[in-house]
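Beneath this line is the structure, given in structure tokens, with notes to follow.
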Amino acid sequence: MTETVAIPISDGATMDAEMVAPKNGPAPGILIIPAIFGIDDGVRGIMTAWAARGCVVLAVDSFHRSIPGTMGRDDAGREKAQKRYAEFDAEQGVKDFAEAVAWLRKDPRCNGKVVVFGYCFGGRYAFLAAARGLADGAVSFHGTKIGLNLDEAKNVCRPLSIHVGDKDGSIPMSEVEATRDALAGNPLAEVHVYPGCVHGFTGKGRPSFDAGADAASTAAAERLIRSITPPATVPA
Numbered sequence: 008m009t010e011t012v013a014i015p016i017s018d019g020a021t022m023d024a025e026m027v028a029p030k031n032g033p034a035p036g037i038l039i040i041p042a043i044f045g046i047d048d049g050v051r052g053i054m055t056a057w058a059a060r061g062c063v064v065l066a067v068d069s070f071h072r073s074i075p076g077t078m079g080r081d082d083a084g085r086e087k088a089q090k091r092y093a094e095f096d097a098e099q100g101v102k103d104f105a106e107a108v109a110w111l112r113k114d115p116r117c118n119g120k121v122v123v124f125g126y127c128f129g130g131r132y133a134f135l136a137a138a139r140g141l142a143d144g145a146v147s148f149h150g151t152k153i154g155l156n157l158d159e160a161k162n163v164c165r166p167l168s169i170h171v172g173d174k175d176g177s178i179p180m181s182e183v184e185a186t187r188d189a190l191a192g193n194p195l196a197e198v199h200v201y202p203g204c205v206h207g208f209t210g211k212g213r214p215s216f217d218a219g220a221d222a223a224s225t226a227a228a229e230r231l232i233r234s235i236t237p238p239a240t241v242p243a
């Protein structure tokens with residue numbers, strides 16, 4: 008079960024979030040920036056799975072400043088989700104996510120190391136966390152719009168793992184190749200492309216799900232976490 012928490016932001020705003028922690032700690036932290044639909048049951052399933060792997064997991068309501076909460080995947084929900092996505096202030100979002108990372112670091116159940124996981128919409132912000140040194144590492148799962156910030160690829164200073172399907176209708180392969188080229192030569196960065204996979208391949212229970220790509224991206228994320236945190240705190 009996840010618990011609901013409220014993260015105070017320095018400008019007086021409050022970011023709602025959900026959190027789950029393993030029984031034994033302190034543990035490495037994961038900050039999840041979900042897709043535009045917010046913290047739904049799919050996100051909670053991911054949170055629970057990573058807690059079982061020995062991590063304390065915090066998923067945030069990215070749209071707390073505009074249209075907060077979870078949106079359904081029906082037409083009405085998609086319309087609201089797209090509206091708040093279109094109006095999202097990227098730089099303000101980066102600041103809010105950085106404050107959420109700092110908040111998680113201070114939680115006694117966290118060992119002080121935090122990795123950002125970005126799904127879909129959140130992938131761009133995982134990339135920026137690695138480029139701006141806002142967390143100890145970052146993973147992008149079918150992350151969109153990374154291409155908008157490729158000028159920052161040269162600044163990537165934290166471990167970064169990017170995962171995308173080559174049939175993703177939301178991420179042009181030209182952008183994926185540009186991202187790979189921009190990160191070439193940086194030993195901290197890796198880009199994995201999964202043949203035949205569409206957008207949302209980590210979404211269990213949805214038509215887009217691909218078990219092989221989900222398992223491979225999860226294994227890469229585990230390796231990244233082990234690379235930045237004491238091995239004894241992360242189960243093999």
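Plus 7 on top of the position in the sequence shown (first one is 1) and you've got this note's numbering.
Where is the CB? At the ideal position from N, CA and C, for every residue including glycine.
Count the other C-beta atoms from every protein chain shown that fall within 10 angstroms of the C-beta of lysine 120, then say buried if there are 16 or more, exposed otherwise.
The residue in question, lysine 120, is buried, as its Cβ has 16 or more Cβ neighbours within 10 Å.
In angstroms with no decimal places, state the Cα-to-Cα distance between glycine 125 and valine 27.
The straight-line gap from Cα to Cα measures roughly 17 Å.
Could you compute how far the alpha carbon of proline 15 sits from the alpha carbon of serine 224?
Proline 15 and serine 224: Cα-Cα distance of roughly 32 Å.
Among Thr55, Gly140, Asn118 and Gly144, whose alpha-carbon lies nearest the alpha-carbon of glutamate 159?
Of Thr55, Gly140, Asn118 and Gly144, the residue nearest in Cα terms is Gly140.
Using 8 Å for Cβ pairs, my map puts aspartate 23 next to histidine 71. What's the rounded Cβ distance?
About 6 Å separates the two Cβ atoms, so the contact holds.
Under 7 Å Cβ to Cβ from aspartate 143, same chain only, skipping five residues before and after it: list those, please.
Counting only Cβ-Cβ distances below 7 Å, and skipping sequence neighbours, we find Lys120, Val121, Val122, Arg165 and Ile235.
Residue ranges of each beta strand (DSSP E) run of no fewer than 3 residues wholly in the segment 165 to 217, ordered along the chain?
Counting whole runs of 3 or more residues, the segment 165 to 217 contains the beta strand (DSSP E) stretches 167 to 172 and 196 to 201.
Serine 168 versus Val63, Phe104 and Phe148, residue with shortest Cα-Cα distance
Looking only at Val63, Phe104 and Phe148, the smallest Cα-Cα distance to serine 168 is reached by Phe148.
Which full runs of the beta strand (DSSP E) of 3+ residues lie inside the segment 110 to 159, going along the chain?
Counting only runs that start and end inside the segment 110 to 159, the beta strand (DSSP E) elements of at least 3 residues fall at 117 to 126 and 144 to 148.
By DSSP, does valine 163 sit in helix, in strand, or in coil?
Here valine 163 sits in coil by DSSP.
Output yes or no for whether 7 Å exceeds the beta carbon distance between proline 171 and valine 163.
Correcting the residue type first, residue 171 is valine in the shown sequence and not proline. No, the pair does not count as a contact, with Cβ atoms beyond the cut-off.
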